[in-house]
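Taking it in order: structure first as structure tokens, then the write-up.
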Amino acid sequence: MLDFRDFTAVTTLGDMLLRAAAHQPDKDALVFPTERRNYAELAAGATRWARGLVALGVKPGEHVGLLLPSCIEFAEAFFGVALIGAVAVPVNARYRSHELGYLTKNADLVALITTTRVAEKVDFVERLNEAFPDLATTRDGEPLALAEAPELRSIILVGEGAAPGFTTRPQFDALADSCSAEEALRRRRSVSVRDVGLILYTSGTTSNPKGCLISHEAVIRTGQALSIRYAITQDDVFWSPLPMYHIGAIFPICAIFSVEATYLSMSHFDAGTALAMLERERATVTYPSFGTFIGEMIYHPDFAKTDLSRVRVMNSNLAVQPESFREALRKAMPHTIQVGTFGMTETSGTVCTSALDDSYDERTRRLGRPLPGLEVRILRENGDEAASDEIGQIAVRGFSLLSGYYKDPEKTAQALRGGWFHTGDLGSLDASGTIMFHGRLKDMLKVGGENVAAQEVESIVSLHDAVKLCQVVGRPDARLAEVPVAFVELKPGAAATPDEIIAFCRPRIASFKVPRDVRFVTEWPMSASKIQKFMLVKMLEAS
Numbered sequence: 029m030l031d032f033r034d035f036t037a038v039t040t041l042g043d044m045l046l047r048a049a050a051h052q053p054d055k056d057a058l059v060f061p062t063e064r065r066n067y068a069e070l071a072a073g074a075t076r077w078a079r080g081l082v083a084l085g086v087k088p089g090e091h092v093g094l095l096l097p098s099c100i101e102f103a104e105a106f107f108g109v110a111l112i113g114a115v116a117v118p119v120n121a122r123y124r125s126h127e128l129g130y131l132t133k134n135a136d137l138v139a140l141i142t143t144t145r146v147a148e149k150v151d152f153v154e155r156l157n158e159a160f161p162d163l164a165t166t167r168d169g170e171p172l173a174l175a176e177a178p179e180l181r182s183i184i185l186v187g188e189g190a191a192p193g194f195t196t197r198p199q200f201d202a203l204a205d206s207c208s209a210e211e212a213l214r215r216r217r218s219v220s221v222r223d224v225g226l227i228l229y230t231s232g233t234t235s236n237p238k239g240c241l242i243s244h245e246a247v248i249r250t251g252q253a254l255s256i257r258y259a260i261t262q263d264d265v266f267w268s269p270l271p272m273y274h275i276g277a278i279f280p281i282c283a284i285f286s287v288e289a290t291y292l293s294m295s296h297f298d299a300g301t302a303l304a305m306l307e308r309e310r311a312t313v314t315y316p317s318f319g320t321f322i323g324e325m326i327y328h329p330d331f332a333k334t335d336l337s338r339v340r341v342m343n344s345n346l347a348v349q350p351e352s353f354r355e356a357l358r359k360a361m362p363h364t365i366q367v368g369t370f371g372m373t374e375t376s377g378t379v380c381t382s383a384l385d386d387s388y389d390e391r392t393r394r395l396g397r398p399l400p401g402l403e404v405r406i407l408r409e410n411g412d413e414a415a416s417d418e419i420g421q422i423a424v425r426g427f428s429l430l431s432g433y434y435k436d437p438e439k440t441a442q443a444l445r446g447g448w449f450h451t452g453d454l455g456s457l458d459a460s461g462t463i464m465f466h467g468r469l470k471d472m473l474k475v476g477g478e479n480v481a482a483q484e485v486e487s488i489v490s491l492h493d494a495v496k497l498c499q500v501v502g503r504p505d506a507r508l509a510e511v512p513v514a515f516v517e518l519k520p521g522a523a524a525t526p527d528e529i530i531a532f533c534r535p536r537i538a539s540f541k542v543p544r545d546v547r548f549v550t551e552w553p554m555s556a557s558k559i560q561k562f563m564l565v566k567m568l569e570a571s
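What follows is the structure, given as structure tokens:
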């Protein structure tokens, strides 16, 4: 018999939240370590943001930046922007003044929502003043007229405090009071599911970041597909350490809000706080995803004594993690279904992920199959489809693709060809259709004419008992063009020398792939969730 429950109820971001608030007003929607909001409260907060933005003159289709850490205000403002048919532009909270200036102008932001100091070394007001020197001379009550960002009309300051050129929270609240909820919510009725709902800027390496145009339909259907694949229901409690300005948080929020479940988040990742939260809130599905998060949790002294027995699914991506992570999670969480995932910003998040009934080896040695409605091909350099287990470029087709790169038709045309998005990632599909990630096309070293995948060398170095994480980059070489250099973070309490790690690699990998040098690090240069290899290259160049 056909299962008629397997359908996709496509909606807009704003209506998704309002529907959940109508069905489950008193249920926890969003929980942080020290505060929480139920669905009715979150919807009311979003509506208040919508009213204030309308009063500020923000029109449908205009772009509103969110320069905030993960917090209740981020979610309220994000959905408030969606409710009035404007476009949310989440901004990486790690961006410095130059990057903020570039994004604000490139994205044509008309308004920017930010906050005061959030940590000892993070002061957004200071960074914005560095990016826009004219702010300091703007008189209270005057509209912004910044030479560096001519479209920007308002910067709203969440929380306490004031600064020249910024609209304070009391001032914004007064504006919100001047606009009725009915007027703000009237806007949402004209929003289409294919309208751009958000612009997400991908991390740059050798060039400025690109703005990915993501529709309401793309991000919501991706979230809904994930909830179906993981059998998530309204009884689940989903935890993620990923920052809310990252696609890895935004589309899972859609997954959770679509089924009216509960989403757990953190303003900044701390392994001890995370473990305590997982136990206290009785999390059932967790999404650490990246080795930087998983390693911090596994090697935290509280890991062994934390009750994680209710976690039924964990997206751990063990196929691309060190073997030590696999063993630690298998022993500590034998009841938990570990799954792998492949995805990116341009595909609104996940493309492939494990099914819960896949074998243990499939779930921990591969990264799953495409979500329903998505297609994946592996392409050779000449564009032909690769054979089973052959490595080539991953191409994706389906509902989740970006609509294009903002103001960059050339890069859009390069990436979107014939309905397929060419990812720039290397992968392979096995005979059963599961995918494996083999690194970036640009993450290949050319050592004396031989192609060397950085990920292959990283996997060998990570087998060393003392190694927690490894990243490999190329260093120019007069004879061989370039050679591998390994950056290594050691496990807590472990010790090793560069010569020991190099000697460990020699019998396990071809000589031209062996790292010529090993650099030890205690802190990685990070984007929202990934290690920035171009910064490692700069560290080499500076040494």
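FYI, in the working numbering the residues of the sequence shown are 29 to 571.
Built from N, CA and C at the ideal position, the CB exists for glycine as well.
Those residues which DSSP pairs with residue i across a bridge
i	result
Asn343	Val367
Trp448	Arg445
Gln240	The residue you asked about is not Gln; residue 240 is Cys in the sequence shown. Note: Cys240 sits in a beta bridge opposite Leu228 and Tyr433.
Ile422	Ile406
Gly455	Gly420 and Phe465
Arg64	Val59
Lys474	Asn479
Thr142	Leu95 and Leu185
N-terminal and C-terminal residue of the beta strand (DSSP E) that residue i is part of
i	result
His296	From DSSP, His296 is part of no beta strand (DSSP E); its letter is neither H nor E.
Trp552	Per DSSP, Trp552 belongs to no beta strand (DSSP E) and is neither H nor E.
Leu402	Leu402 to Leu407
Asp505	Val495 to Asp505
Gly93	His91 to Leu95
Glu517	Ala509 to Leu518
Phe465	Ile463 to Arg468
Ile183	Ser182 to Val186
Delimiting residues of the alpha helix (DSSP H) encompassing residue i
i	result
Leu45	Leu41 to His51
Ile559	Run containing Ile559: none; DSSP gives neither H nor E here.
Phe532	Pro526 to Cys533
Asn479	It is not in any alpha helix (DSSP H) - Asn479 instead sits in the beta strand (DSSP E) that spans Glu478 to Ala481.
Thr290	It is not in any alpha helix (DSSP H) - Thr290 instead sits in the beta strand (DSSP E) that spans Thr290 to Leu292.
Gly108	Ile100 to Leu111
Ala277	Ile275 to Val287
Val153	Phe152 to Ala159
Which of helix, strand or coil DSSP assigns to residue i
i	result
Thr381	strand
Met305	helix
His126	helix
Gly396	coil
Thr233	At Thr233 the pLDDT is 43, less than 50, meaning the model places this residue with poor confidence; the figure from the coordinates comes in the next sentence. It is coil, neither helix nor strand.
Ala523	coil
Pro269	coil
Lys87	coil
Asp26	Since the first residue shown for the chain is 29 and the last is 571, residue 26 is missing from the structure and cannot be characterised.
Glu170	coil
Short Cβ contact (8 Å threshold) for residue i with residue j
i	j	result
Leu303	Asp330	yes
Leu174	Leu156	no
Gly13	Gln483	Residue 13 lies beyond the range of the chain shown here (29 to 571); nothing can be said about it.
Ser382	Glu390	yes
Cys380	Val404	yes
Val82	Ile141	no
Thr40	Val224	no
Ala105	Leu95	no
Pro97	Ser295	yes
Gly411	Phe370	no
Val92	Val138	yes
Ser637	Gly377	What is shown of the chain runs 29 to 571, which leaves residue 637 out entirely.
Phe353	Ile326	yes
Leu46	Ile100	no
Ser555	Arg122	yes
Min CB distance residue i to chain B below 8 Å
i	result
Ser490	Here chain B cannot be found, since the structure has a single protein chain.
- Query: Does the region 46-57 come close enough to the region 145-156 that 3 or more CB-CB pairs lie under 8 Å?
  - Reply: In this structure the region 145-156 does not touch the region 46-57; the number of beta carbon pairs closer than 8 Å is below three.
- Message: Does the contact criterion of 3 or more C-beta pairs under 8 Å hold for the region 161-169 versus the region 110-130?
- Response: The region 161-169 makes no contact with the region 110-130: fewer than 3 CB pairs, one atom from each, lie closer than 8 Å.
- Using 8 Å as the Cβ pair cut-off and three pairs as the minimum, do the region 61-73 and the region 242-250 touch? Touching, no.
- Segment contact, 8 Å Cβ cut-off, at least three pairs: the region 450-465 with the region 502-517: Segments in contact, no.
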